[in-house]
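Asks: Handing you a structure now.
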Amino acid sequence: MKQKLSSAEIITMYNQFIANTYDTLPVNLTRGKGIYVYDAEGNQYLDFWAAYSALNLGHGHPQILDTAKRHLDSGALLTRACYNDQLALLGKELTTLTGLDMMLPKNSGVEAFEAAVKTARMYAYRKKEMKRNTAEIIVCTDNFHGRTLAAISCSSEPQYRDDFGPHTPGFKLIPYNDPHALENAINKNTIAFLVEPVQGEGGIIVPSNDYLKTIREICDRENILLLLDEIQTGLGRTGGLFCFKEAGIIPDILIVGKSLGGGIVPISAIVGSRKILQYYKPGDDGSTFGGYSFACAVARKALKIVQKQEIPKRAHELGIYAIEQLRQIKSPYIKVIRGKGLMIGIELKPEAGGARRFCEALLKEGVICKEAHHHVLRLSPPLIISKEQLSTGLEKIEKVLTT
Ligand SMILES: Cc1ncc(COP(=O)(O)O)c(C=O)c1O
627 MKQKLSSAEI ITMYNQFIAN TYDTLPVNLT RGKGIYVYDA EGNQYLDFWA
677 AYSALNLGHG HPQILDTAKR HLDSGALLTR ACYNDQLALL GKELTTLTGL
727 DMMLPKNSGV EAFEAAVKTA RMYAYRKKEM KRNTAEIIVC TDNFHGRTLA
777 AISCSSEPQY RDDFGPHTPG FKLIPYNDPH ALENAINKNT IAFLVEPVQG
827 EGGIIVPSND YLKTIREICD RENILLLLDE IQTGLGRTGG LFCFKEAGII
877 PDILIVGKSL GGGIVPISAI VGSRKILQYY KPGDDGSTFG GYSFACAVAR
927 KALKIVQKQE IPKRAHELGI YAIEQLRQIK SPYIKVIRGK GLMIGIELKP
977 EAGGARRFCE ALLKEGVICK EAHHHVLRLS PPLIISKEQL STGLEKIEKV
1027 LTT
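Given below as structure tokens:
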């Protein structure tokens, strides 16, 4: 019988065979169930990270697995060359849920970001008849839209950009949560404003309450599109189904991903108004796996669970509770605690020496959690977590921040 590889052997193999692009936590996970993950030695950890919010429904949600198995058993993994019911139904359900009209399916979040950029450009050239190659999209400093060339080209983070040029032109940076900056940045070439409703990787930055409403008004007045990246905030994470719904607005293009895949498949999409997406014609875009039937079947189930089990309401209530509890912690390291729903950041003072060492201390306490933007401890547990389980994790956080 083959011997199981030890964690030390796995880590050595990583160092030898896997490009070193992640500051990986020193733990070798072999399985997950609900809100827990387990390492090769059988130790249990509370997942306060949920794979960058892709696991809103936790690890191996039974209904998601059941749907996946049934779909696999049917033997049908259908792609876009022919019609299939799962993509059609996902399109219907996602548009009904969002109040938008049409979707374009993709695989990863950044591909959907790219699709949003392409779609806005296409609309400007085909509908508004702008001169080709002149379109500009306004984005915000400290944004995170992924790692393709277009996404890093609009990033303000030197590490993401500097050694990967030449960059894609057509982006203009303005400060986040600053409607006046948006007004001032718009010129005759501006076609869209692309923004996250809460900046995630940027350090859990929650804008003022009226931000989305105000930027919607500005985009309408200036006749430019509003593209909202809800890849991380969407589907319950921030305590509503989507931030835009909570704000009472509707974007021209919504970008979704991560937990749309029920924690087991990469699937993303843009959902937009027909007035824009109608300009696509066959051959303009495509993706081998984008919108394939298996991912769509899983995504449909994920959408159903989010709605039926009132996942956003849970995130809202537990988020209020968690922030209240965290604000009572008396730690010399905490600068500020902020968040929306179960997307919470503990910003640490410079003298704390960064968030990473606290993530490692938490790992030893049996809690998985990651840093955002070096000095922010980011908490994003699966939204199916119970209050008791949440309390257990919060107690561990208090412990590492006070000892
Ligand atoms: C707001 C936002 N947009 C885009 C992305 C990129 O998604 P992916 O890593 O699936 O490409 C992320 C990932 O963290 C994100 O948080």
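So the mapping is simple: the numbering used here equals the position in the sequence shown, first residue as 1, plus 626. Glycine residues also receive a C-beta, built at the ideal position from the N, C-alpha and C atoms.
Taking 7 Å as the cut-off, decide whether the C-beta atoms of Thr816 and Ile850 are in contact.
Replies: yes
Asks: Have a look at Phe819, Ile937, Gly866, Leu952 and flag the residue whose alpha-carbon is nearest the alpha-carbon of Arg847.
Replies: Phe819
Asks: For Ile765, write down the residues that DSSP places opposite it in a beta bridge.
Replies: The residue asked about is misnamed: residue 765 is Val in this sequence, not Ile. DSSP lists Leu799 as partners of Val765.
Asks: Start and end of the alpha helix (DSSP H) containing Ile949?
Replies: Unbroken alpha helix (DSSP H) run through Ile949: 937-953.
Asks: To test your reading of the DSSP string, which unbroken beta strand (DSSP E) runs of 3 or more residues are found completely within the stretch 703-783?
Replies: DSSP assignment within the stretch 703-783 yields the following whole beta strand (DSSP E) runs of 3 residues or more, N-terminal first: 728-732, 762-766.
Asks: Exposed or buried, which one is Asn641 when buried takes at least 16 other CB atoms within 10 Å?
Replies: exposed
Asks: List the endpoints of the continuous alpha helix (DSSP H) containing Ser633.
Replies: Run containing Ser633: 633-643, per the alpha helix (DSSP H) assignment.
Asks: Based on the DSSP secondary-structure assignment, which residues constitute the bridge partners of Gly588?
Replies: The structure shown does not extend to residue 588, since the chain is modelled only from 627 through 1029, so no value can be given for it.
Asks: Specify, as a first and last residue, the run of the alpha helix (DSSP H) that Lys927 falls within.
Replies: 919-934
Asks: Ignoring anything shorter than 3 residues, give me the beta strand (DSSP E) runs that lie fully in the stretch 792-858, in order along the chain.
Replies: 797-800, 816-821, 851-855
Asks: In three-state terms, what does DSSP make of Arg964?
Replies: strand
Asks: Taking the C-alpha atoms as reference points, what is the distance between Gln904 and Lys753?
Replies: 10 Å
Asks: According to DSSP, Glu973 sits in a beta bridge with which residue or residues?
Replies: According to DSSP, Glu973 bridges with Val962, Val1002.
Asks: Would you mind sorting Val663 into buried or exposed? The rule is 16 or more other CB atoms within 10 Å of its CB.
Replies: buried
Asks: Could you tell me which of Ala948, Pro958, Ala928, Lys996 sits nearest to Asn682, measuring between CA atoms?
Replies: Ala928
Asks: I need the boundaries of the alpha helix (DSSP H) containing Ala694, first residue and last residue.
Replies: 688-699
Asks: Decide yes or no for the touch test of the stretch 859-871 against the stretch 696-710: beta carbon pairs closer than 8 Å, at least 3 of them.
Replies: no
Asks: Which class does Tyr678 belong to by DSSP, given the choice of helix, strand or coil?
Replies: helix
Asks: The alpha helix (DSSP H) spanning Gly1019 covers which residue range?
Replies: Per DSSP, Gly1019 belongs to the alpha helix (DSSP H) from 1013-1028.
Asks: Using alpha carbons as the reference points, say which of Lys884, Leu989, Gly980 lies closest to Val736.
Replies: Lys884
Asks: Tell me which residues share the same chain as Leu716 and place their Cβ nearer than 6 Å to its Cβ, disregarding the 5 neighbours each side in the sequence.
Replies: Cys922, Ala925, Arg926
Asks: Look at the alpha carbon of Met748 and the alpha carbon of Ala714, and state the distance between them as a whole number of angstroms.
Replies: 24 Å
Asks: Does the beta-carbon of Asp788 have 16 or more other beta-carbons within 10 angstroms, so that it is buried, or is it exposed?
Replies: exposed
Asks: Ser779: beta carbon under 6 Å from a heavy atom of ligand 1?
Replies: no
Asks: Report yes if the C-beta of Glu1049 is less than 6 Å from at least one heavy atom of ligand 1; otherwise report no.
Replies: A question about residue 1049 goes unanswered here, because the residues of the chain that appear run from 627 up to 1029.
Asks: Mind checking who Leu672 pairs with in its DSSP beta bridge?
Replies: Tyr662, Val993
Asks: Do you know how far the Cα of Thr794 is from the Cα of Ala776?
Replies: Whole-angstrom Cα-Cα distance: 5 Å.
Asks: Using C-beta distances below 6 Å, list every residue in its chain close to Ile876, excluding the 5 sequence neighbours before and after it, in chain order.
Replies: Contacts found: Gly725.
Asks: So which of Asn654, Lys630, Lys718, Ser632 has the shortest CA-CA distance to Gly992?
Replies: Asn654
Asks: Name the DSSP beta bridge partners of Ser894, please?
Replies: DSSP lists Lys732 as the beta-bridge partner residues of Ser894.
Asks: Along the alpha helix (DSSP H) that carries Leu861, what are the first and last residues, could you check?
Replies: Here Leu861 belongs to no alpha helix (DSSP H), and DSSP marks it neither H nor E.
Asks: Taking just the CA atoms, how far does Arg842 sit from Phe868?
Replies: 15 Å
Asks: DSSP on Ile876, reduced to helix/strand/coil?
Replies: coil
Asks: Between Val932 and the rest of its own chain, which residues show a CB-CB distance below 6 Å, the 5 nearest in sequence each way excluded?
Replies: For Val932, same chain residues with a beta-carbon under 6 Å away, outside a window of 5 residues either side, are Leu861, Gly862 in chain order.
Asks: Specify, as a first and last residue, the run of the alpha helix (DSSP H) that Ile902 falls within.
Replies: 900-903
Asks: Please report the distance separating the alpha-carbon of Glu973 from that of Thr767.
Replies: 18 Å
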